[in-house]
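In the order they appear, the protein sequences are chains P and C. When you line the first sequence up against this note's numbering, it's residues 23 to 117, in that order. When you line the second sequence up against this note's numbering, it's residues 34 to 201, in that order. Positions of the beta carbon are idealized from the N, C-alpha and C atoms, including for glycine.
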Amino acid sequence: MTTLPTADRTKVFRGIMRYWSQERSTISGINKSDLQSAIDATDNWIDQNQADYVASLPATFRNNSTPAQKILLFCVVATMRASAALAQRLIGGLD
Amino acid sequence: MASGDAVVQVLQIIPPGASAATIDTRAGGSTPAEALLVYDFDASSDEYMDFLCKLEGYGSGGLTFTLPWSASSATTGQVRWEIAIRRFADDAEDLDGAHTYDYNAVSDTAPSASGEISYPTVTFTDGADMDSWADGELAIVRVHRDFDHADDGMTGDAELWGLLGLET
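See the structure below:
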């Protein structure tokens, strides 16, 4: 795995600002440059720690799931911590 | 007319053919809730809104525009607002031709709560600075958020509530 191309990081930068604007989720004390740095740091952290994540998975799941499935599992669990509604939009159903 | 008089009449608010600010509604907290029409200017792309205006009772002074705005989500950082004027003189300015908008600008800090409003001003001196706009004439007053200006650090949308214009 490598880090995202700059263009994809920019898509995240634009998209998350639009999402927070639509949600009117208060963003305090953070400028655009701070947000861009945080996106870069997050992507770098994922790149540097993805092997540890995979190693932490139970062997049966680790050995039988695709890379895309591992990433989706990570995203859904992380998203659930932020917003159940958003997690539901990712996978279509939560009950 | 004298200084401070509202000589700029807004006749129409017109999204330009491309890169227009998004027309949005911001709900208030009352019952029933206010549904305020706002124009969302993006934080990561150039966006514009045009105001067709008439100068009425103008006495050859300068103009001061006020841009009432709120932030969709941010409570810190600045927005770089720009305004320019395209005058339509009688039998002279052809809308079909291109016009180079010459912007005057202000950098304004977001209000401390996202539902609160700020009133920055942009000034023009009489003459070429305001495209020699004269009393009784129409003009397009174009508003732009210069998202990549060094001062524009505010995350998220800037919601423009309208445009006010006084003689100064």
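| query | result |
| --- | --- |
| Mapping the DSSP letters down to three states, classify Y41 of chain P as helix, strand or coil. | helix |
| Determine which residues share a DSSP beta bridge with H177 of chain C and list them. | C:Y81, C:E115 |
| In whole angstroms, what is the alpha-carbon distance linking L88 of chain C and V99 of chain P? | 58 Å |
| Would you say S151 of chain C reaches chain P, if we count a Cβ-Cβ gap shorter than 8 Å as a contact? | no |
| Give the range of the beta strand (DSSP E) segment to which A138 of chain C is assigned. | 137 to 142 |
| Going along chain P, which residues have a C-beta under 7 Å from A107 of chain C? | I49 |
| Rounded to whole angstroms, what is the Cα-Cα separation between T142 of chain C and F74 of chain C? | 15 Å |
| Do the region 151 to 163 of chain C and the region 44 to 61 of chain C touch if we need at least three Cβ pairs shorter than 8 Å? | no |
| To be precise: take each residue of the region 179 to 194 of chain C, compare its Cβ to all Cβ atoms of chain P, and keep it if any distance is under 8 Å. Which residues remain? | D185, G186, M187, T188, G189, D190 |
| So T108 of chain C is in the beta strand (DSSP E); what residue range does that whole segment cover? | That residue, T108 of chain C, is in no beta strand (DSSP E); it is neither H nor E in DSSP. |
| Of all the options P:D56, P:I113, P:R46, P:N86, which has the alpha carbon lying nearest to the alpha carbon of C97 of chain P? | P:I113 |
| State the DSSP-derived secondary structure class of V34 of chain P, mapped to helix, strand or coil. | helix |
| Considering only DSSP beta bridges, list what S151 of chain C is partnered with. | C:W102 |
| Please name the residues in the region 71 to 83 of chain C whose beta-carbon is closer than 8 Å to at least one beta-carbon of chain P, in chain order. | D73, D75, A76, S77, S78 |
| How long is the line joining the alpha carbons of S36 of chain C and T201 of chain C, rounded to whole angstroms? | 5 Å |
| Determine whether the beta carbon atoms of T108 of chain C and S147 of chain C lie at a separation below 8 Å. | yes |
| Which value, in whole angstroms, describes the spacing of the CA atoms of I173 of chain C and T28 of chain P? | 37 Å |
| Using three-state DSSP, classify T156 of chain C as helix, strand or coil. | strand |
| Taking DSSP as the reference, what is the three-state secondary structure of T188 of chain C? | coil |
| Going by C-alpha distance, which of P:M39, P:R31, P:A73, P:Y41 is nearest T64 of chain P? | P:R31 |
| Name the chain P residues that come within less than 7 Å of S147 of chain C, Cβ to Cβ? | R46, T48 |
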